[in-house]
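Those protein sequence lines, which keep their order, are chains A and B. Here the first sequence stands for residues 18 to 130, where the numbers follow the working numbering. Here the second sequence stands for residues 54 to 163, where the numbers follow the working numbering.
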Amino acid sequence: DAGVTQSPTHLIKTRGQQVTLRCSPKSGHDTVSWYQQALGQGPQFIFQYYEEEERQRGNFPDRFSGHQFPNYSSELNVNALLLGDSALYLCASSPGLPNTEAFFGQGTRLTVV
Amino acid sequence: TQLLEQSPQFLSIQEGENLTVYCNSSSVFSSLQWYRQEPGEGPVLLVTVVTGGEVKKLKRLTFQFGDARKDSSLHITAAQPGDTGLYLCAGQTGANNLFFGTGTRLTVIP
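See the structure below:
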């Protein structure tokens, strides 16, 4: 059983560009959450998708948007990239039940130059 | 905003020593989780504590949830080099999003 898979693993973009990151959840999971982890810090919650809709959102600007597909996979889009967007972007999947374990992917390392 | 503060931020100890990492918040969480993260990888869940005052043991690791469900501690006995990594606590709300602490980077020297 494949766990959470993310693509690409590494990405370099230029300031002002747009980027799309992808996540496939663990089999049987229908909820996908995205996190941003800056170097040396803990992950910060961006948003969560359930039933193809954004269910919760953290304190991130509208430049960060997402989508969930009928097969529960998800995309994270970031527009007008800033140098400060450089980070490890983590996807976590979980069943759609409260207080259940979240499984993390290996992350996508985004570098904005 | 639900903030979790971890201490210490960095810890370097000799193999065989004991250590404790603390996770504190002013918020109440439905559960609290501890993760370990290796470089270039996502966090891996170690334990979930749910009940105030709960203590869980995982081999040489002991986890405790505070009575008020606002704080937690992780104690490692006889640390080994394989314990080296970033330890993260995370408070969970009913909606399954996680609020992570600042992290404790542990280095165990052989």
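C-beta: ideal position from N, C-alpha, C; glycine also.
A:S44 is not bridged by DSSP to any residue. Shown in chain order are the members of the stretch 138 to 158 of chain B whose Cβ falls below 7 angstroms from a Cβ of chain A: L141, Q145, G147, A148, N149, N150, L151, F152, F153, G154, T155, G156. At a C-beta separation below 7 angstroms, A:S90 has no neighbours in chain B, since its nearest C-beta there lies roughly 17 angstroms away. By the Cβ test, the stretch 84 to 97 of chain B is in contact with the stretch 108 to 128 of chain A, since at least three Cβ pairs between them sit closer than 8 angstroms. Inter-residue distance for A:S50 and A:L114 is about 13 angstroms (C-alpha atoms, whole angstroms). Around A:F121, the beta-carbon contacts reaching into chain B at under 9 angstroms are Y88, Q90, E94, G95, P96, V97, L98. Sequence-distant partners of B:F152 (beyond 5 residues in either direction) whose C-beta falls short of 7 angstroms from its own C-beta, in its chain, are Q55, L57, A143, G144.
Looking at B:Q59, B:G119, B:V100, B:T146, the one whose alpha-carbon comes closest to that of B:C76 is B:Q59. Contact between A:L127 and A:V36 holds: their C-beta atoms lie close to 6 angstroms from each other, under 8 angstroms. Inclusion of A:S111 and A:V95 in the CB contact set at 9 angstroms is not warranted, their separation being larger than that value.
With a threshold of 9 angstroms between beta carbons, A:G45 makes no contact with chain B.
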